[in-house]
Structure formats: structure tokens, C-alpha cells
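Residues are numbered in my numbering as their position in the sequence shown, beginning at 1, plus a constant of 9.
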Amino acid sequence: MKSVFRRATNGLLAKPGIIWSRCSIVYEACGTVMSFWEKLLNAIGSTAGNALSAVVEAIRTVFEGDPETRRKVAFSVAIIALSAKMAKADGIVTENEVNAFREIFEFPPDQAKNVARLYNLARQDVAGYEAYAERLSMLCETCTENCPVLEDVLDGLFHIAKADGLIHEKEMDFLQHVAQIFHMSEERFEQIMARHVSGGRDPYKVLGVSRQDDFPTIRRRYHGLVYENHPDRLVSRGVPEEFHAIANERMAALNAAYAEIEKERRAA
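Right, dumping it as C-alpha cells:
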């Protein structure tokens, strides 16, 4: 992912035909106070020499008294920074991937340069993506394994990676390694991956259940996933409003998988 994404981040908000009728949830009142991007980048400073540590530490300190905003900032930064690292690892980018990035984030026009700067800080940082993912994983305050907000981050990265119709080998290696750094179980990674890979989607993997499980167990699991992906739960995890479109795609996959299993079990 080379210059196309660099141009996309610089011109992310200037695409003809886009009407900015509302502000992203991460901007609250759309400029009533200094945007979190300005606060974050002011804290980081003007050099990228220690960008990795500076970004994460700024999130921890600048928004220390505002946990709700900190969750939103952490999620947004994780997607932007790791998509930049995925771009660097893959070496190729398509306009479809740029559009997928836009589907996740919608920024007020006056913040385009700040977003582009953060993206470029991550892309140019000499630290590898492993170090970035490790630092970002420390932002999860709720648990050490299968952290919901980090799963949301991985879901967003899958959405970008598959945008051109195929997840390339280097992208899959990147995503799998990031999942390991996020302390995500292999089962949970396969569950997320199953929602995004094309062809032969296994409904059992989509729900994270076994073919040996009885139907009441599968139903409980399905209801649990529906609860986890309720819009209110996403907001509480700091997920931006724009990401909810991807969450709807996730719910559609869960519903389809459950319906397929239910039909199969009734026919047995």
C-alpha cells in the first residue's frame, strides 16, 4: 500500500460529491472544543522519531480524565495506525481499500491534515507493526484475552484488507500475527476470519461453535453474540458511529449462520 493510500489520507475528506451532513461520533459536538486529533498530535510533537511510544502514551495521559473519549481515541488510532502498518507490510493498495477505510471513518474536513499526519507517523515509524500492536494492546483495560475492542479493531482491518475481493497472503499473515499480539485465541481469530473470507463460509466457525455442540448451546452462543454486538455495547467500547455499518454486516453474517444451522438441525 504505497502512494495511493498516502494520497487518500491527504485527500480523504475532499472527495467530490461527499456532503458532510453530520459529524463522527468521535468528534462529539463537532468542534466545540479542540478536536482530540489536535490534542493528540500536540502531545506527540512534531517529530516522528519516537512516534510509537508517543502516540500510545499521549492517549494514556491526554485523555486520562475522560475515559469515554479515550476509548474512542484508542479505537480510532488503532485502526489508522495498524492500517498504515498493514499498507507497509503488503506494499500494495487499491482504491477499494481506500473506500473501505472511508466507510469506517468520516472526519470533519478541517481535520484531514491531522488524520493524514497520524497515518504517516505510523507508516514512517521505524518500529515494526509488532511493536505497534503490542503497545496498542495495552490500551485494553477490560481483559487480557479476547478483548472486545481489539476484536473490533481486527474486524475493521479485515474489512479494509478484503475490499479488493481478496485478502492477500501478506495481509493474512499480518492479521494473524496482530491477533496473536492482541492475545486473541485461535478459535476467536478463525471466527472473525470466517465472516470475511469468500467461498465456503462455515456457519459453525462464524458463530464460534462446534458441530458437536447441541442446539441449545449454539442458540445461547448466538444470543450472546447478538448482545455483544448491540449498538449500545459498541458505543460503550468506543466504536465510532461509522463502524456500526460494519457491525451490521457482522450481524448479518451471524444471523445467516444461525439460520443455516437451525435449518440443518431441524432437517436432521
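We put the CB at the ideal spot given by N, CA and C, even for glycine.
Among the options, nearest to residue i - alpha-carbon criterion
i, options, result
"R228", "L243, A109, E269 and R80", "E269"
"Y141", "K122, P240, E178 and V65", "V65"
"H186", "N123, V206 and S146", "S146"
"A188", "V158, E271 and V124", "V158"
"I255", "I201, D223 and A277", "I201"
"C156", "E199, R79, A125 and M193", "M193"
"N264", "V71, R197 and L234", "L234"
"K214", "E199, G137, K179 and A131", "E199"
"S92", "A63, F252, R132 and G74", "R132"
"G247", "D75, R197, V71 and T70", "D75"
"K272", "P212, G137, L184 and L243", "P212"
"N129", "F252, M95 and S219", "M95"
"G174", "S245, A266 and E104", "E104"
"S245", "V71, E77 and T70", "E77"
For residue j and residue i, believed in contact at Cβ under 8 Å, the rounded distance
i, j, result
"R230", "G217", "7 Å"
"K179", "D119", "So it is not a contact: roughly 35 Å between Cβ atoms."
"H253", "L243", "6 Å"
Per-residue DSSP class, three states only, for residue i
i, result
"G233", "helix"
"Q189", "helix"
"E154", "coil"
"M181", "helix"
"F224", "helix"
"N108", "helix"
"D241", "helix"
"V35", "With a pLDDT of 37 at V35, under the threshold of 50, the modelled position of this residue cannot be trusted; read the value that follows with caution. V35 falls in the helix class under three-state DSSP."
"K81", "helix"
"H253", "helix"
"T56", "Residue confidence is low: T56 scores 46 on pLDDT, short of 50, so the model does not pin down where it sits. No coordinate-derived value is stated."
"L175", "coil"
"R204", "coil"
"G100", "coil"
"A90", "helix"
"S146", "helix"
"D134", "coil"
"R210", "coil"
"V13", "In this predicted model, V13 has a pLDDT of only 42, less than 50, meaning its place in the structure is not dependable; the value taken from the coordinates is given anyway. In this structure, V13 counts as helix in the three-state DSSP scheme."
"R197", "helix"
"V218", "coil"
"V65", "helix"
"V248", "coil"
"A276", "helix"
Close beta carbons around residue i, own chain, < 8 Å, minus the five adjacent residues each side
i, result
"I190", "E139, A142, E143 and S146"
Beta-carbon proximity list for residue i, same chain, < 7 Å, skipping 5 on both sides
i, result
"A109", "H168, I169 and A172"
"R210", "A203"
"H177", "D99"
"S283", "The chain is shown from 10 up to 277; residue 283 falls before or after that span and cannot be answered."
"S219", "Y213"
"Y267", "L216 and Y231"
"R274", "F224"
"L184", "L163, L166, F167 and A170"
Spatial neighbours of residue i in its chain, beta-carbon cut-off 6 Å, leaving aside the 5 residues before and after
i, result
"G40", "With a pLDDT of 42 at G40, under the threshold of 50, the modelled position of that residue is not reliable, and the figure given next carries that caveat. None."
"D161", "V248"
"R197", "N155"
"E195", "none"
Validate contact between the region 154-167 and the region 79-87 using beta carbons, cut 8 Å, 3 pairs: A contact exists between the region 154-167 and the region 79-87.
Does the region 254-269 come close enough to the region 224-242 that 3 or more CB-CB pairs lie under 8 Å? yes
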